[in-house]
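Numbering (this note's numbering), first residue to last: 6 to 413. The C-beta atom is built at its ideal place from N, Cα and C for all residues, glycine as well.
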């Protein structure tokens, strides 16, 4: 009996680390390219426009390909889709480092498509295997994405100096291979099962069902719409801040470019406050989802307002960003997981929310930059960013209320 318990405990830990390494890969291949894009552009005689397209492709894939990724997962099941996603990341990482601009473009597209599948898989795995700790595990997923992005964005340049940019980019395929190695035992065990356990029945239902908005009540549809608006505004604010905050700090706050880079790096680093802090806050103080949205939304709102009014207090606004930005993904998708009655409903809702949200996110840098260029000042851009954080908050509160109405 003890050996069975020990084996189950070991498999739970293996599953946890497999999930964590999958999370590390969800942003790492994307953030590895921008730090060396100048070297890549010079080496491949690439135009600035093409270089900009390369850095935008993954986010566009997140938006445009998410509905198709959802169907792929529905047909293949979770384990097969995990293998497909990680193999795609591995192949894409190598492909974009071995040839000319055609290989670079193909590899980047493959990475974007593979990570789009991975984005949905992470949430489905939480709902299937960690539902009792959904908020904490969603926080771990966001933390893993942040850590993966931080690792590759900070280490790719030193690695390119030691070797060259090709080896530096290709080397991150090892991170995907590590995750692939950890997932193989689970993959084999699931494939070997002839009897359909509860999880397998659930996955079978995912494969066969064809869910649509028509199956939901009016209140449930309203909740999904509100969540979509909330996530879209969060993404818009995040990508707008990340794209333009360094330029704003240099031009408006008269910081050096090095100091502005440090401010933005700390902004990213402190995301762990929201990732893990929001679930712990909810657990310790028994806060409802409504209060988590209020805390997160107000912290997010203070970021553009604070940076514009008091840029010298940048550390405080970085901390607010860590709470607001780091926790936004957690509070939104924890709500989806907790309110979804099945994996199929989870997959459908997450697909709708992410597909629209990431399309809007891809437009944010262009819109915020365009407003600055048209007005000749940063005020309008930062007012828009502040408004989107407030809409994120309002959308989350409405979604929580609509879900409550739907349950009555």
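| Asked | Found |
| --- | --- |
| Selection from 186, 374, 40 that minimises the alpha carbon distance to residue 166 | 40 |
| Whole beta strand (DSSP E) elements within the segment 111–171, 3-residue minimum | none |
| N- and C-terminal bounds of the alpha helix (DSSP H) containing residue 352 | 348–380 |
| Length of the line joining the Cα atoms of residue 119 and residue 261 | 38 Å |
| Reference residue 182; option with closest CA among 30, 384, 340 | 30 |
| Residue from 179, 100, 306 whose Cα sits closest to the Cα of residue 396 | 306 |
| Residue 260, DSSP secondary structure in three states | coil |
| Whole-number beta carbon distance between residue 123 and residue 90, since they are thought to touch under 8 Å | 4 Å |
| Segments assigned alpha helix (DSSP H), at least 4 residues, entirely inside the segment 273–323 | 276–290, 294–314 |
| C-alpha distance - residue 393 paired with residue 225, whole-angstrom precision | 23 Å |
| First through last residue of the alpha helix (DSSP H) which encompasses residue 401 | 384–412 |
| Assigned secondary structure, residue 191 (DSSP; H/G/I helix, E/B strand, else coil) | helix |
| Stretch-stretch touch, CB-based, cutoff 8 Å, three pairs: the segment 136–144 with the segment 345–356 | no |
| Option in 132, 249, 389, 295 with minimal Cα separation from residue 268 | 249 |
| Neighbourhood of residue 341 by C-beta distance below 8 Å, restricted to the same chain and skipping five residues each side | 128, 232, 351, 354, 355, 358 |
| Buried versus exposed, by CB contacts within 10 Å (16 or more), residue 302 | buried |
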